[in-house]
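Chains as they are written, first to last, in the numbering used here: chain W, 1 to 263; chain X, 264 to 495.
Structure first, commentary second.
Below you can see the structure in the form of structure tokens.
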């Protein structure tokens, strides 16, 4: 789209119209939701004890999930980007399972896993996951981490391995080369991966409902609140919490764009 | 590693490939044997994809050969990790460390080897002066020109006083004027530091400017194409 003639050609105009219609549709949804309620009612809804608990729990669990996802995504993303090994395509496909499976099914799988001897052993050795806050984090992590792994793999794919090679000729082990040369260069990608996991976790509902339950003041996170409030006909509160989630998502989107996903 | 008192004058060591083989899919190198005498500037020429870079990476220790030996001086380095081979490596695009200043790049090998801060500073100052990058020490790589990057890459490779300098098409991304300038710098560095150098290139001109000995790689074999009498 370099010259005015190109910009005005029917081809570009029709593409612009399609993009414009989609953008209008998205904005119309948000504006309609935002204008549904009055600021006073929003403040009133957000002042409810249960909703405040849900906000705090969401912020804490999403942040823990984002950090855990990053801990997994950095080594796995690096492995996928740099190493060649038999069965790599299968591993890549397997790591996408949480992305392609219906979220509710993921929750059910988690629930069933923790009914098996292995699951019971893990719970006995660590903490109770089923129907607890730990379950909320695990359900968020199961899906959020898959998105973080994708982002980190993309990041490492775009970072040349050559500087690492040079670092090794200068006396580094592979681990030192990654730590001193590659990871500092991947920091924007790491921020993006954590943000994607955080935002994804904030909106996670199905797996949490099935695996951790929807107990008020216990395992209730923001999407659970929307569902609980809707189920008792309290649309005002559901809209207030939804708007809060829209605001959080937009902040994450803006932060990722600002820091820059490119590395 | 101890800190040598002399600031330059590395002891050079010859390079020897002894019956080396390498396989990757259908690509094979078989029975590659040749040697670069100590103190010589060797240029290895050959078509794109003939295996020149693979050979250099085997010498660096970045790839493990299927068979044969690599010797630097009298030392068999085939099984040694890259950092213990006493080599300096300058890849085609400089391969700068993206988040480090020129100062940190040049001092990198010394920091890894736990040299004292004062000795690192002195060595970085000395090298950056010799290579004409003393005014760039606080810059990040994205603010360097192609020629400056190659100078910094050279300084980074030379910092720990290697006996062998390996250059993979170090001048190919530069314009002609800059190429001649850097070729002259390479020649000076080779002479002053007393290194053995192995330089990969497509360019006949570079070979004529720099080589004591020229090798040609064809069909998975390396042959000596010419040697200047007296060298240098």
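For glycine and all other residues, C-beta sits at the position ideal for the given N, C-alpha and C.
Just confirm the distance between the C-beta atoms of residue i and residue j, as a whole number of angstroms; I'd bet it's less than 8 Å.
i, j, result
"residue 429 (chain X)", "residue 307 (chain X)", "With a Cβ gap of about 10 Å, residue 429 (chain X) and residue 307 (chain X) do not count as contacting."
"residue 409 (chain X)", "residue 385 (chain X)", "No, residue 409 (chain X) and residue 385 (chain X) are not in contact; Cβ-Cβ is about 28 Å, not under 8 Å."
"residue 222 (chain W)", "residue 241 (chain W)", "6 Å"
"residue 65 (chain W)", "residue 147 (chain W)", "Wrong, their Cβ atoms sit about 11 Å apart, outside the cutoff."
"residue 166 (chain W)", "residue 358 (chain X)", "5 Å"
"residue 461 (chain X)", "residue 299 (chain X)", "6 Å"
"residue 260 (chain W)", "residue 216 (chain W)", "Not a contact, Cβ separation roughly 40 Å."
Using C-beta distances below 7 Å, list every residue in its chain close to residue i, excluding the 5 sequence neighbours before and after it, in chain order.
i, result
"residue 239 (chain W)", "33, 36, 37"
"residue 396 (chain X)", "365, 411, 414, 415, 418"
"residue 345 (chain X)", "323, 324, 325"
"residue 482 (chain X)", "none"
"residue 473 (chain X)", "304, 306, 446, 449, 450, 462"
What does the Cβ neighbour count give for residue i, buried or exposed, with the cut at 16 atoms within 10 Å?
i, result
"residue 248 (chain W)", "buried"
"residue 413 (chain X)", "buried"
"residue 8 (chain W)", "exposed"
"residue 431 (chain X)", "buried"
"residue 471 (chain X)", "exposed"
"residue 115 (chain W)", "exposed"
"residue 475 (chain X)", "buried"
"residue 12 (chain W)", "exposed"
"residue 229 (chain X)", "In the structure displayed, chain X extends from 264 to 495; residue 229 (chain X) sits before or after that span and is not available."
"residue 393 (chain X)", "buried"
"residue 315 (chain X)", "buried"
"residue 337 (chain X)", "exposed"
"residue 16 (chain W)", "exposed"
"residue 296 (chain X)", "exposed"
"residue 347 (chain X)", "exposed"
"residue 225 (chain W)", "buried"
"residue 136 (chain W)", "buried"
"residue 204 (chain W)", "buried"
"residue 175 (chain W)", "exposed"
"residue 480 (chain X)", "buried"
"residue 442 (chain X)", "buried"
"residue 129 (chain W)", "buried"
"residue 250 (chain W)", "exposed"
"residue 102 (chain W)", "exposed"
"residue 97 (chain W)", "exposed"
"residue 310 (chain X)", "exposed"
"residue 39 (chain W)", "exposed"
"residue 406 (chain X)", "exposed"
So if DSSP puts residue i in a beta bridge, which residue, or which two residues, is it bridged to?
i, result
"residue 285 (chain X)", "X:292"
"residue 339 (chain X)", "X:334"
"residue 280 (chain X)", "X:297, X:333"
"residue 305 (chain X)", "X:461, X:476"
"residue 350 (chain X)", "X:427"
"residue 149 (chain W)", "Looking at the DSSP assignment, residue 149 (chain W) forms no beta bridge with any residue, so it has no partner."
"residue 261 (chain X)", "Outside the modelled stretch of chain X, which goes from 264 to 495, sits residue 261 (chain X), for which no answer is possible."
For residue i, which residues in chain W fall below 7 Å Cβ to Cβ?
i, result
"residue 354 (chain X)", "162, 166"
"residue 372 (chain X)", "170, 171"
"residue 345 (chain X)", "168, 169"
What residues from chain W crowd round residue i, counting only those whose CB sits closer than 9 Å?
i, result
"residue 423 (chain X)", "170, 171"
"residue 375 (chain X)", "167, 170, 171, 172, 176, 180"
"residue 350 (chain X)", "169"
"residue 328 (chain X)", "Those do not exist, as residue 328 (chain X) stays about 16 Å from chain W at its closest Cβ, beyond 9 Å."
Could you name the residues of chain X that residue i contacts, counting a contact when the two beta carbons are closer than 9 Å?
i, result
"residue 184 (chain W)", "360, 361, 362, 363"
"residue 178 (chain W)", "Simply none; closest approach about 12 Å."
Output needed for residue i: all residues of its chain with C-beta closer than 8 Å, excluding positions within five of it in sequence on either side, in chain order.
i, result
"residue 390 (chain X)", "369, 418, 421, 422"
"residue 104 (chain W)", "206, 207, 209, 210"
"residue 267 (chain X)", "Note that residue 267 (chain X) has pLDDT 39, beneath the 50 cutoff, so the model's placement of it is unreliable and no number is given."
"residue 275 (chain X)", "301, 302, 426, 427, 457, 458, 459"
"residue 107 (chain W)", "139, 206, 207, 208, 209, 210, 211"
"residue 198 (chain W)", "62, 63, 65, 66, 144, 252"
"residue 76 (chain W)", "95, 149, 152, 153"
"residue 356 (chain X)", "412, 436"
"residue 270 (chain X)", "With a pLDDT of only 35 at residue 270 (chain X), under the threshold of 50, the placement of this residue in the model should not be trusted; the figure read from the coordinates follows. 385, 386, 389."
Give every residue of the same chain whose Cβ lies closer than 6 Å to the Cβ of residue i, excluding the five residues on either side of it in the sequence, and list them in chain order.
i, result
"residue 492 (chain X)", "Unreliable placement is indicated for residue 492 (chain X), whose pLDDT of 44 sits below 50; the coordinate value is still reported in the next sentence. Answer for residue 492 (chain X): no residue qualifies."
"residue 265 (chain X)", "Annotation note: pLDDT 39 at residue 265 (chain X) (below 50); position unreliable, coordinate value reported separately. Excluding residues within five positions, none has a Cβ falling inside 6 Å."
"residue 486 (chain X)", "479"
"residue 127 (chain W)", "134"
Under 7 Å between beta-carbons, which chain X residues line up against residue i? List them in chain order, please.
i, result
"residue 181 (chain W)", "360"
Does the beta carbon of residue i fall short of 7 Å from some heavy atom of the ligand GTP?
i, result
"residue 77 (chain W)", "What this structure holds is no ligand at all, so the ligand GTP is not there to describe."
Starting from the beta carbon of residue i, find every residue of chain W whose beta carbon is closer than 8 Å, and list them in chain order.
i, result
"residue 325 (chain X)", "165, 168, 169"
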